[in-house]
Structures are given as C-alpha cells and as structure tokens.
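Asks:
Numbering (this note's numbering), first residue to last: 3 to 156.
Structure follows, in structure tokens:
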C-alpha cells in the first residue's frame, strides 16, 4: 500500500503558489520603473553623444553623412538601453500580475477590477503607481478560521 504525503512549504498557499505580498510587488515595480528610466536616459545620452561626436552630419554636398566608427560605439550603448527597457517592462508586467493575484484574495474586488481594466487598456503604470501608494495587501488580510460549534447536550 503506497501513501502519498503532501508537504506544504512555509508561506505556500493552498493553490500551490507563493503569494506575492504588497512589499514584494512594490519592490519589483520600483525596480522596473528604475530600469525603464535608466534605459531611456542611457539611450538619449547615447544618441546625443553620437550626434555631438559627429556620428551623423546633416548638410553639405551630401545630405546625410554617417561616420561608421562612431555609430558602432553608439549601437552598443543603444542595445544596453533597449535591454534595460525590456527588462524593466517584463518586471513591471510581473509586478502587475503579482498585484492582481494579491488583490484577488481580497473580499472587496474594487482594486482587482481597477488594476485589471487599467492594465488591459494600457494604463497599467498609472494603476500600479496608485496600488503601490494606496493599495491594500491581500496577503495580510485577516483569515478567520470557522469555529466548530459544540454539539447540543455535550
């Protein structure tokens, strides 16, 4: 006779996943925001440096002149900027999904619906900023255990 023993790890919910607390959602979202801003700043700095360094010249006998060596150096920085932006976007998506899972545990579904609808209509950044600043934490919701009533006559 074989028996299956199911172990539940500390912090694991009954559904088989680890709940993402608001603190974790906030940290991931702030990291995503910082990565996207850093990528945009790096990309703009690379473009401005390339233009100031003569990578692209406009005017003269030829309408546009491109200096290949200067463009090659700029491309490396632009690729790094794009990777930062892409990584930040993926982290923002992960934090949005974590916030959805967190707010789905609440009895009042207002935050869940707000996050879902604004995220689906490409306003997820606004919804996430509001959630980080004022949203509830579904993992800290008080969980009451139903009590067993005593049988009559006992």
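Think of the CB as a built atom: it goes at the ideal place given N, C-alpha and C, for glycine as much as any other residue.
List the residues that DSSP assigns as beta-bridge partners of residue 23.
Replies: In the chain shown, the residue the question calls residue 23 occupies position 21. In DSSP, residue 23 forms no bridge with anything.
Asks: Just curious, the beta strand (DSSP E) that residue 124 is in, first and last residue?
Replies: Numbered from its first residue, the chain shown carries residue 124 at position 122. Careful: residue 124 lies outside any beta strand (DSSP E) and carries neither H nor E.
Asks: DSSP three-state call for residue 60: helix, strand or coil?
Replies: Numbered from 1 along the chain shown, position 58 holds the residue referred to as residue 60. Here residue 60 sits in strand by DSSP.
Asks: Cα separation between residue 137 and residue 131?
Replies: Here residue 137 corresponds to residue number 135 of the chain shown, with the count starting at 1. Here residue 131 corresponds to residue number 129 of the chain shown, with the count starting at 1. Cα to Cα, residue 137 sits roughly 9 Å from residue 131.
Asks: Name the residue from 99, 62 and 44 whose alpha carbon lies nearest to the alpha carbon of residue 77.
Replies: For the purposes of this step, residue 77 is taken as the residue at position 75 of the chain shown. Ranking the options by Cα distance to residue 77, first place goes to 44.
Asks: Report back the beta-carbon spacing between residue 42 and residue 87 to the nearest angstrom; my notes put them in contact at under 8 Å.
Replies: Your numbering for residue 42 matches position 40 in the chain shown. Your numbering for residue 87 matches position 85 in the chain shown. With a Cβ gap of about 7 Å, residue 42 and residue 87 count as contacting.
Asks: Among the candidates 101, 107 and 109, whose CA atom is the shortest distance from the CA of residue 117?
Replies: For the purposes of this step, residue 117 is taken as residue 115 along the chain shown, with counting starting at 1. Comparing Cα-Cα distances from residue 117 to each of 101, 107 and 109, the minimum goes to 101.
Asks: What do you reckon, are the CB atoms on residue 140 and residue 93 nearer than 8 Å?
Replies: For the purposes of this step, residue 140 is taken as residue 138 along the chain shown, with counting starting at 1. For the purposes of this step, residue 93 is taken as residue 91 along the chain shown, with counting starting at 1. Contact flag unset, no.
Asks: Taking DSSP as the reference, what is the three-state secondary structure of residue 141?
Replies: As a working mapping, residue 141 is identified with position 139 in the chain shown. DSSP places residue 141 in helix when its eight states are reduced to three.
Asks: For residue 91 versus residue 38, is the C-beta distance shorter than 8 Å?
Replies: Position 89 of the chain shown, counted from the start, is the residue given in the question as residue 91. Position 36 of the chain shown, counted from the start, is the residue given in the question as residue 38. Yes. Within cutoff.
Asks: If you check the beta carbons only, do residue 134 and residue 26 fall under 8 Å apart?
Replies: Locating residue 134 in the chain shown gives position 132, counting from the first residue. Locating residue 26 in the chain shown gives position 24, counting from the first residue. It is not a contact, given that the beta carbons lie outside the stated cut-off.
Asks: So who's on the other strand from residue 67, going by DSSP bridges?
Replies: Against the chain shown, residue 67 aligns to sequence position 65. Answer is 59, bridged to residue 67.
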